[in-house]
Amino acid sequence: MTGSGTALPGPGDWTPEEDHEGFFGPDSVTWRIHADPSYSVGGLRALMLQALHPVAMDGVARNSAAFRDQPWQRLIRTGQYVETLTFGTRTEARRAVARVRGLHSRFGGVESDSGRAYRVDDPDLLLWVHNCEVESLLSTARRGGLGLTDADADRYVTEQVAAAVLVGVPEDAVPRTVAGLDAWFADVRPSLAATAAARDAVRRLLLPPMPAWVQLLTPARPAWGGLAGLGFALLPPWARQLFSMPGLGLTDAAATGALRAFRQGLLALPTRLRHSPIVRTGIERTASAVPVSA
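Just so we're aligned: the sequence shown equals residues 1 to 294 in UniProt numbering.
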């Protein structure tokens with residue numbers, strides 16, 4: 001597949017009321033998961049999982065100098081994009097998607113091992129990134145203790161079809177259930193590998209470059225290392241095996257326990273401290289609708 005597969009909708013495609021509520025709305029499972037404290041850990045896990053696609057990883061390594069030098073900033077930008085898509089108005093979300101599409105359309109390359117020529121906005125690469133994000137955010141939220149039934153989980157996967165279509169994935173290619181998502185990963189796993197670029201990307205996420213004064217005078221290094229290490233430990237066993245790293249010393253049970261402790265610690269903070277400005281603005285804008293539950 002080559003090139004972005006779907007047209008971006010415009011303001012004429014929705015009513016003012018739909019614009020106000022956004023693409024998901026406060027009664028969605030998407031809001032529950034993306035406003036949960038587990039979101040940051042799930043985002044890190046998603047980046048590490050995404051690195052295992054040789055062509056997608058080649059696109060990042062070849063076209064994103066910022067990721068090599070300041071990988072945490074890529075995580076922040078990606079998190080802000082997903083939050084805007086989730087909690088922003090449809091107009092705000094469309095503007096964010098248009099920026100991302102514009103960037104994607106400019107980049108491409110040839111992956112050396114396979115010889116595949118690609119564009120960053122090839123639909124199969126966009127689908128890989130999307131499915132890694134959905135699977136990571138969902139599985140991390142469930143392991144962290146967010147009360148989600150199997151029906152809720154399927155609903156989340158279905159809701160997220162809208163996000164995939166917005167960024168350019170053909171709708172009929174996107175899984176709509178957890179079982180469909182699991183089957184998709186089973187199909188794609190034989191093509192995955194921990195390339196040199198992938199291993200370097202994970203090392204930079206675990207130990208990102210920091211100014212000496214930050215390392216010496218602040219707790220940034222151990223705090224970030226603990227968070228990133230937890231994200232890695234939450235990867236599925238087959239992904240950790242591809243990286244030849246069993247889990248940074250954490251068993252699956254210990255990783256789940258650490259995630260739950262992290263989540264409970266953040267839930268004890270006031271909402272204004274644990275929600276980003278984007279999330280708070282969305283909740284305040286739709287205050288008359290069904291509230292987000294913890």
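All C-beta atoms in this analysis are idealised placements derived from N, C-alpha and C, irrespective of residue type, glycine included.
Among Gly59, Leu47, Leu127, which has the Cα closest to the Cα of Glu171?
Leu127
Residues in the same chain with beta-carbon distance under 6 Å from Leu206, minus the five sequence neighbours each way, listed in chain order, please.
Ala228
Per DSSP, Gly109 is paired with what?
Tyr118
If we ignore side chains and look at the alpha-carbon of each, how far apart do Gly282 and Val60 end up?
30 Å
Using 7 Å as the threshold, is the C-beta distance between Val178 and Ala153 below it?
yes
One question on the structure: do Trp184 and Pro190 come within less than 7 Å of each other, judged by their Cβ atoms?
Cβ atoms of Trp184 and Pro190: not closer than 7 Å.
Can you name the start and end residues of the alpha helix (DSSP H) that Gly42 belongs to?
39-50
The alpha helix (DSSP H) with Phe262 in it runs from where to where?
252-267
Would you tell me roughly how many angstroms separate the C-alpha atoms of Ala51 and Ala197, rounded to the nearest one?
8 Å
Give the secondary structure of Met245 by DSSP, where H, G and I count as helix, E and B as strand, and everything else as coil.
coil
What does the Cβ neighbour count give for Pro277, buried or exposed, with the cut at 16 atoms within 10 Å?
exposed
Taking DSSP as the reference, what is the three-state secondary structure of Gly3?
At Gly3, the pLDDT of 48 sits below 50, so the modelled position is not reliable and the matter cannot be decided from this model.
What residues in its chain sit with their C-beta under 8 Å from that of Ser114, if we drop five residues either side in the sequence?
So the list reads Pro54, Val55, once near-sequence residues are dropped.
Start and end of the alpha helix (DSSP H) containing Trp184?
Unbroken alpha helix (DSSP H) run through Trp184: 178-188.
Since Leu192 and Leu230 are thought to touch, with beta carbons under 8 Å apart, how far apart are those beta carbons, to the nearest angstrom?
Their Cβ separation, rounded to whole angstroms, is 22 Å, which puts Leu192 and Leu230 out of contact at 8 Å.
On the CB-based measure, 16 or more other CB atoms within 10 Å of its CB, does Ala186 come out buried or exposed?
With fewer than 16 other CB atoms across the displayed protein chains lying within 10 angstroms of its CB, Ala186 is exposed.
Which residue comes first and which comes last in the alpha helix (DSSP H) that contains Pro170?
Segment: none, Pro170 is in no alpha helix (DSSP H) and carries neither H nor E.
Please state if the CB of Thr256 and the CB of Arg143 are separated by a distance shorter than 7 Å.
yes
How many whole angstroms separate the CB atoms of Gly109 and Asp58, which I take to be in contact at a CB cut-off of 8 Å?
6 Å
Compute the Euclidean distance between the alpha carbons of Pro237 and Met245, then round it to the nearest angstrom.
Approximately 10 Å between the Cα atoms of the pair.
What is the residue span of the alpha helix (DSSP H) that Gly22 lies within?
Where Gly22 is concerned, there is no enclosing alpha helix (DSSP H), given that its DSSP letter is neither H nor E.
Please report how far the alpha carbon of Val100 lies from the alpha carbon of Thr86, in whole angstroms.
Going by the C-alpha atoms only, they are around 15 Å apart.
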